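Structure first, then comments.
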Amino acid sequence: MGVTWAIIYGERMTKTDDRRSRRREQTRARLIDAARTLMAERGFNEVGIAEITEAADLGTGTFYNYFSSREQMQAAVAEDSVEKVGDILDREVSSLEDPAEAFAGSLRHLVRHALSDRVWGGFLVQMGAAHPALVRILGPRARRDLLRGLESGRFTIDDLDLATTCTFGSLIASIQLAMDSEPREDRDQIFARAMLRMVGVPAGEAAEVAARPLPEIDLT
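Structure follows, in structure tokens:
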């Protein structure tokens, strides 16, 4: 009997812990969603903690159960936003038959999204190419696309790690340049063409691949 009750008690505790964990995840998601919405309306650095908790319909003190500062919240919003975009690109672009088109398409969509959603673009620029979260989220994806091109013979790459790092650095720098410059409709194509040239695709072919129609994708 004692063993039976111990098992039942243990199962109840597990279910209770699971419910608490789900509630914590849901509350954290509410805070992140509220912060993202406000940042999109006002700007990355223009939103206070009290405004976030009010928009999430939570007490101000609840914020500190999940984040130690506004900066930590900003990082969480950025990471969540970048992860979602990466997941969408995985489904919609990486399956393209031509590795060069998949690589270029992902980069073009990232540049376009950064320019159409400047809060999101600001996330990338402020995080920077060396930010651990950005490396963790987009690094494996960039490496996968580069490796696919290398193994297919489409790309010529001497050092895969260096090529991945160069792709990251160039992406962030190009987005910052585009955000600070006069609008140009072909920013994404120019960047993708340069990255294809970096991995050994001939100039004429790189220009053709970078100019191919993009799949219609909603990254919001």
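Numbering (the working numbering), first residue to last: 1197 to 1416.
For each residue, glycine too, the CB sits at the ideal point set by N, CA and C.
Source: prediction; values computed, not measured.
To the nearest angstrom, report how far apart residue i and residue j are at their CA atoms.
{"i": "S1312", "j": "R1226", "result": "24 Å"}
{"i": "L1320", "j": "L1330", "result": "8 Å"}
{"i": "V1289", "j": "R1308", "result": "14 Å"}
{"i": "G1244", "j": "I1228", "result": "13 Å"}
{"i": "S1302", "j": "L1285", "result": "6 Å"}
{"i": "D1283", "j": "R1266", "result": "26 Å"}
Along the alpha helix (DSSP H) that carries residue i, what are the first and last residues, could you check?
{"i": "S1370", "result": "L1356 to D1376"}
{"i": "G1257", "result": "T1256 to F1259"}
{"i": "G1400", "result": "A1399 to A1406"}
{"i": "D1384", "result": "R1383 to M1394"}
{"i": "T1249", "result": "I1245 to A1251"}
{"i": "G1335", "result": "P1328 to E1347"}
Exposed or buried, what is residue i when buried is set at 16 or more other beta-carbons lying within 10 Å of its beta-carbon?
{"i": "Q1385", "result": "buried"}
{"i": "R1389", "result": "buried"}
{"i": "S1291", "result": "exposed"}
{"i": "P1295", "result": "buried"}
{"i": "L1358", "result": "exposed"}
{"i": "G1239", "result": "exposed"}
{"i": "R1383", "result": "buried"}
{"i": "D1503", "result": "Examination of residue 1503 is not possible in this model, given that the chain is present from 1197 through 1416 alone."}
Mind reading off the beta-carbon distance from residue i to residue j? Whole number of angstroms is fine, and I expect it under 8 Å.
{"i": "I1368", "j": "V1278", "result": "At roughly 12 Å, the Cβ-Cβ gap does not stay under 8 Å, so I1368 and V1278 are not in contact."}
{"i": "A1300", "j": "L1373", "result": "Their Cβ separation, rounded to whole angstroms, is 18 Å, which puts A1300 and L1373 out of contact at 8 Å."}
Exercise for the section: Go through the segment 1289-1325 residue by residue and report every complete run of the alpha helix (DSSP H) that reaches 4 residues or more, in order. Expected result: 1295-1312 and 1314-1323
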